[in-house]
Amino acid sequence: MCTVSDSNGPVVGLIMGSDSDWPTMEAAAEALAEFGIRFEVGVVSAHRTPQRMLDYARDAADRGIKVIIAGAGGAAHLPGMVASATPLPVIGVPVPLKYLDGMDSLLSIVQMPAGVPVATVSIGGARNAGLLAARILGASDPALRAAMATFQAGLEAMVLEKDAALRS
Ligand code: RP5
């Protein structure tokens with residue numbers, strides 16, 4: 001029943017436009033690892049390696065990938081272009097760069113044309129991208145869904161604990 005452990009290959013593709021995106025994108029990898037989700041990491045640039053990007057997007061499903069997380073900054077076309085060439089769900093992470101505080105990245109990713117969805121997280125929100133991938137996989141994986149429910153209960157307990165400490 002457990003989708004994530006059905007085979008040995010990665011089920012999440014974690015890609016980014018440049019290795020310079022890694023300090024932001026690392027949080028997605030950490031979230032996936034926390035849930036025991038197998039993933040692969042790679043640099044796939046929409047502008048510098050367009051053929052590699054198309055090959056990656058077109059082959060991903062056949063290789064067993066179920067969700068793609070794509071991070072990019074500036075003219076951040078990677079998530080949208082990957083979404084155009086795969087039937088898999090794509091989660092876009094706007095990576096903040098030196099100028100414009102990531103607003104350019106956000107707007108480049110979030111304003112997709114009808115018919116080509118990208119689930120865009122917040123600027124720099126790579127951890128939520130990893131958690132969203134876990135939820136998507138958990139929809140067909142009871143064990144993973146239970147782990148997510150436990151994680152959410154932990155968040156609630158943490159807030160209540162801080163609230164109690166504040167009041168005491
Ligand atoms: C984008 O260009 C990448 O996603 C990165 O955020 C940005 C800058 O890339 P580098 O010049 O640091 O390689 O495609």
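FYI, in my numbering the residues of the sequence shown are 1 to 168.
Each residue gets a CB set at the ideal place from its N, CA and C atoms; glycine is no exception.
Since the structure is predicted, the reported quantities are computational estimates derived from the model, not experimental observations.
Item	Value
Rounding to the nearest angstrom, what Cα-Cα distance links A126 and V93 in this structure?	6 Å
Who are the near neighbours of K162 in its chain, counting only those whose CB is closer than 8 Å to its CB and skipping five residues on each side?	none
Please determine whether the Cβ atom of M16 lies at a distance below 8 Å from any heavy atom of the ligand RP5.	yes
According to DSSP, is M112 helix, strand or coil?	coil
Going by CA-CA distance only, name the one from G13, A139, S105, R48 that's closest to L32.	G13
Would you decide whether D62 is buried or exposed? Buried here means 16 or more other CB atoms lie within 10 Å of its CB.	exposed
With respect to 8 Å, is the separation between the Cβ of V159 and the closest non-hydrogen atom of the ligand RP5 below this value?	no
What residue range is occupied by the uninterrupted beta strand (DSSP E) comprising A72?	67 to 73
Alpha carbon to alpha carbon, how far is I68 from L88? Give it in angstroms, no decimals.	7 Å
Return the bridge partner residues of F39 from the DSSP annotation.	V12
Check I136 in the structure and name its three-state DSSP category.	helix
Please report the straight-line C-alpha distance between R38 and S105, rounded to a whole angstrom.	27 Å
Is there at least one non-hydrogen atom of the ligand RP5 closer than 8 Å to the beta-carbon of V116?	no
Grab me the residues of R145's own chain with a C-beta within less than 6 Å of its C-beta, minus the 5 sequence neighbours each way, in chain order.	G138
Would M103 be called buried (16 or more neighbouring beta carbons within 10 Å of its own) or exposed?	exposed
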